[in-house]
Ligand code: SF4
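Residue numbers (the working numbering): 6 to 322.
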């Protein structure tokens with residue numbers, strides 16, 4: 006015979022992944038859009054951590070930033086508007102071995118997806134949630150979003166948005182079981198990368214609000230903070246985000262903040278005189294939902310059938 010093979014399992018050869026192994030389709034965001042910087046940071050982390058592309062999933066809802074999965078050569082799920090988080094939670098519930106990145110925007114997460122946002126934070130499943138906050142609905146061409154500044158002229162409020170904006174960071178800090186809440190800015194690649202890296206290393210749901218420039222529709226929103234670093238407040242602490250001292254020196258305003266201090270995190274998040282960036286809150290000991298949903302997953306079929314029989318037999322008369 007021809008050497009009949011009965012074991013068809015594939016041997017996975019040791020591989021080294023380069024940046025190219027994570028580069029999907031050519032990004033079609035506008036030139037100068039902050040989304041490009043986030044994509045580059047995530048691809049670098051995947052390469053540095055040698056995350057196997059077939060064990061990595063990018064999940065998104067709808068919006069400019071939600072095109073993220075198309076530009077990563079990993080598994081991806083470009084979902085429905087506001088529904089990135091339940092999809093991501095479903096993936097983690099049955100495949101805790103996968104690394105999950107969620108890309109969601111201020112419209113996607115804080116408006117139509119707000120209910121899922123609250124409960125995903127409470128479920129605290131191990132994933133990185135990146136809120137691309139550009140203060141506008143960009144994909145649908147400039148409608149007021151929950152984080153639009155009052156007075157911003159949009160297609161839904163041509164005379165200027167009326168209401169005070171929702172603050173996604175202070176809101177998340179107030180949700181039950183939040184375990185990692187950080188804020189960063191796309192125009193500082195070193196801080197952006199360090200924040201996403203710390204978020205990836207946290208076991209539980211890491212919520213990272215990224216101040217994201219949209220030169221197309223909200224060009225002025227972060228312009229002054231980008232040009233004048235004194236308008237940014239850098240949070241530092243030995244348990245916070247670690248960045249190169251040369252990058253730290255860019256920021257004249259710094260505050261030592263212990264990320265274990267939730268009331269102080271809330272107070273800082275609500276400051277309007279500066280844009281605080283850094284790790285607001287971290288508690289690595291909060292319960293993680295997939296530790297319950299995956300119980301018994303390693304059982305054999307026979308063990309599962311026995312367990313089922315035992316349960317059903319409890320009702321035998
Ligand atoms: Fe980026 Fe704004 Fe262009 Fe969308 S409209 S791709 S957010 S610059």
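Idealized CB from N, CA, C, for every residue including glycine. These figures come from a predicted structure and were not determined experimentally.
- Around the Cβ of residue 65, a 10 Å sphere holds 16 or more other Cβ atoms; the residue is buried.
- Bridge partners of residue 65 according to DSSP: 83, 108.
- Taking one beta carbon from each stretch, the stretch 185-197 and the stretch 33-42 have 3 or more pairs nearer than 8 Å; the two touch.
- With fewer than 16 neighbouring CB atoms inside 10 Å of its own CB, residue 322 falls in the exposed class.
- In this structure, the CA atom of residue 241 is about 14 Å from the CA atom of residue 251.
- Sixteen is the threshold: when 16 or more other Cβ atoms of the shown chains lie within 10 Å of the Cβ of residue 79, as they do, the residue is buried.
- Among the bridge pairs identified by DSSP, residue 128 is matched with none.
- A straight line joining the alpha-carbon of residue 148 with that of residue 162 spans about 8 Å.
- The alpha-carbon separation between residue 151 and residue 249 amounts to approximately 34 Å.
- Taking C-beta atoms under 8 Å as the contact rule, residue 186 and residue 212 qualify, at a distance of about 5 Å.
- Around residue 118, the same chain offers 66, 86, 87, 88, 89, 90, 109 as residues with beta carbons nearer than 8 Å, after the five sequence neighbours per side are excluded.
- Under the three-state reduction of DSSP, residue 231 is assigned to helix.
- In this structure, the straight-line span from the alpha carbon of residue 141 to that of residue 72 is close to 16 Å.
- Here residue 244 is near residue 287, since their CB atoms are less than 8 Å apart.
- Rounded to whole angstroms, the gap between the alpha carbons of residue 196 and residue 34 is 22 Å.
- Taking 8 Å as the cut-off, the beta carbon of residue 203 is found closer than this to the beta carbon of residue 284.
- Taking 7 Å as the cut-off, the C-beta of residue 222 counts as close to a heavy atom of the ligand SF4.
- Residue 46 and residue 28 have their C-alpha atoms roughly 12 Å apart.
- For the beta strand (DSSP E) assignment, the uninterrupted runs of no fewer than 3 residues enclosed by the stretch 114-196 are, from N- to C-terminal side, 132-138, 185-190.
- In the three-state scheme derived from DSSP, where H, G and I count as helix and E and B as strand, residue 28 is classed as strand.
- The distance from the Cβ of residue 218 to that of residue 37 is about 7 Å, consistent with a contact at the 8 Å cut-off.
- For residue 214, the uninterrupted beta strand (DSSP E) run begins and ends at 210-216, by DSSP.
- Cβ neighbours of residue 200 within its own chain (closer than 7 Å, five residues either side excluded): 187, 189, 213, 246.
- In the DSSP annotation of this structure, residue 289 is not part of any alpha helix (DSSP H), being labelled neither H nor E.
- At least 8 Å separates the beta-carbon of residue 145 from that of residue 104.
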